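Take a look at the structure below.
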Ligand code: HEM
């Protein structure tokens, strides 16, 4: 690939090195976040069979048996959308969002000085009992009863951050998550690996670059829809 530099100052020119890093950033930011979120949503559904049945019933009614889910169908699947939101509430792929205080500011009686590094704990906000009723419970219905969304304007729910630095991959991520989850649910009947039940499966978090399942989910499709 050749890039014409024209009149752009040398330090602002895109060289191969910068492009490689940009693409690498996008790949790293995009792949692990989406795969982790999808794994958590399948784990939560296998852990909550009633929610799984309700999601499958919606797909069967809206899409119909034997038909494949298309991207354009997603707007007609409110319960599926609520499942994805509920997954992101309990399992935001990036648990903490970094910011720097632009000025001295007082929050809840504490002074945060200008220039301080601040971490917004999206994971803890999603589980705060003063915000969420019965926060540990995976209950997608809570999002059907509210207007809270992922756009970063409702501060009780910030899985993609907010403001100028909000995740630029948000539209791609939500499209992919809905489509992949809908296809998995509508195409197959799922079962946990032998010897594991909803009650015994490990739902512990493992905190790293992203918050993953401590033990990778092991599930298998037992029938084709
Ligand atoms: C479930 C999927 C994803 C989640 C939960 C997620 C979450 C986040 C969060 C919380 C931030 C920090 C936002 C802030 O500081 O306010 C972020 C930043 C970013 N995300 Fe995502 N993301 C996801 C998918 C993607 C995808 C698919 C891409 C690209 C293809 C992407 C690219 C980026 C980039 C480049 C940044 C840095 C933006 C900046 O610093 O200005 N993300 N993401």
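In the numbering used here, the protein residues as written are 1080 to 1304.
Ideal placement from N, C-alpha and C gives every residue a C-beta, glycine not left out.
Since the model is a prediction, treat every value here as computed from it, not as a measurement.
Item: Buried or exposed by the 16-neighbour rule on C-beta atoms within 10 Å, applied to residue 1140; Value: exposed
Item: Residue 1242: CB within 7 Å of a non-hydrogen atom of the ligand HEM; Value: yes
Item: Whole alpha helix (DSSP H) elements within the segment 1120-1170, 4-residue minimum; Value: 1128-1141 and 1157-1169
Item: Of the residues 1270, 1227, 1176 and 1210, the one placed nearest residue 1288, counting alpha carbons only; Value: 1176
Item: When 1156, 1182 and 1131 are compared against residue 1142, the one with the closest alpha-carbon; Value: 1156
Item: Exposure of residue 1197, with buried meaning 16 or more beta-carbon neighbours within 10 Å; Value: exposed
Item: Cut-off 7 Å between Cβ atoms - residues of its own chain near residue 1166, not counting five sequence neighbours on either side; Value: 1116, 1119, 1120 and 1123
Item: Beta-bridge partners of residue 1271, as assigned by DSSP; Value: 1298
Item: Delimiting residues of the beta strand (DSSP E) encompassing residue 1286; Value: 1284-1286
Item: Length of the line joining the Cα atoms of residue 1302 and residue 1267; Value: 6 Å
Item: Boundaries (first-last residue) of the alpha helix (DSSP H) holding residue 1254; Value: 1249-1266
Item: Candidates 1222, 1194, 1217 and 1247: closest to residue 1108 by CA position; Value: 1247
Item: Given 8 Å, three or more beta-carbon pairs between the segment 1233-1243 and the segment 1170-1186; Value: yes
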